[in-house]
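At position 187 of the sequence shown the residue is numbered 756 (the working numbering), and the sequence of numbers has no breaks. All C-beta atoms, glycine included, are put in the ideal place defined by N, C-alpha and C. Inspection log for the structure reproduced underneath, given as structure tokens.
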Amino acid sequence: MPADSKYLQKKIDYKFKDRALLTRALSHSSYVNERQNAGASNERLEFLGDSVLGFLTAEFFFQSYSHLPEGELTRLRAAVVCERSLFSFAKELSLGDFIFLGRGEMASGGNKRPSILADAFEALLAAIYLDGGLDEARRFAMRFLEKASKKALSFRDYKTTLQEIIQKNPEENLEYVLVEEEGPDHNKSFTVQVHLNSNVIGCGKGKSKKNAEQEAAREALELMGL
570 MPADSKYLQK KIDYKFKDRA LLTRALSHSS YVNERQNAGA SNERLEFLGD SVLGFLTAEF
630 FFQSYSHLPE GELTRLRAAV VCERSLFSFA KELSLGDFIF LGRGEMASGG NKRPSILADA
690 FEALLAAIYL DGGLDEARRF AMRFLEKASK KALSFRDYKT TLQEIIQKNP EENLEYVLVE
750 EEGPDHNKSF TVQVHLNSNV IGCGKGKSKK NAEQEAAREA LELMGL
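Now the structure itself:
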């Protein structure tokens, strides 16, 4: 049974006038499909929340980073408005404790699944927008966007940096090799090695292949003293 939504309202610092909107935002389709008269799932709210978040993010970046060109703003928005970031926002709110899931989805760890939590975060934002207006949605979103943007700005693309270095010697061949994949579907861990010709020059672990590749490239650059 999900935790009391009153506690969630304290965590998000917003009290709903229409509690039904909050319930809908937290109702996964698997829950609705198992119950008669359960109302609508959060899918339509997730659709709206995606657009609201996209607008608020673009507005924030446009106003806060006037020195950045359009291409860099687009990259920054893509780094912040992605499943990985939304999943981290949802975890910060312990949103998995409040989501209504079907029995099978709950048994398989659905309340920890990144895609479900990311969608629930967007649905929650949409519910706040519908209940309290754009200013309340903006106030809620800013709690996450400011920190996430700083993190995205400080992010170094280790793979691109390593590739640019290796490309200076056309005869060299760089390859990323998946060497291990472990854990259940909702919580996998990947280990990747980066090979320069036949030599392992870095190894990294991550919750996705992309993250593991970045970590492998980072280790390779560290070994190069870069």
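The Cβ-Cβ distance between A696 and L590 falls below 8 Å. Between the alpha carbons of E733 and L614 lies a distance of about 42 Å. Distance from the CA atom of K579 to the CA atom of M711, rounded to whole angstroms, is 17 Å. N756 is positioned such that its CB atom lies closer than 8 Å to that of K681.
Distance from the CA atom of K728 to the CA atom of R787, rounded to whole angstroms, is 8 Å. Distance check between A594 and each of E603, D619 and I770 places D619 closest, using alpha-carbon atoms only.
S758 sits in a strand when the DSSP states are folded into three classes.
Burial is judged here by how many other beta carbons sit within 10 angstroms of a residue's own beta carbon; L693 has at least 16 and is buried. When only Cα atoms are considered, A781 and G773 end up about 5 Å apart. In the displayed model, V748 falls within a strand according to three-state DSSP. Straight across, the Cα-Cα distance linking A648 with R672 is about 33 Å.
For L765, the three-state secondary structure derived from DSSP is strand.
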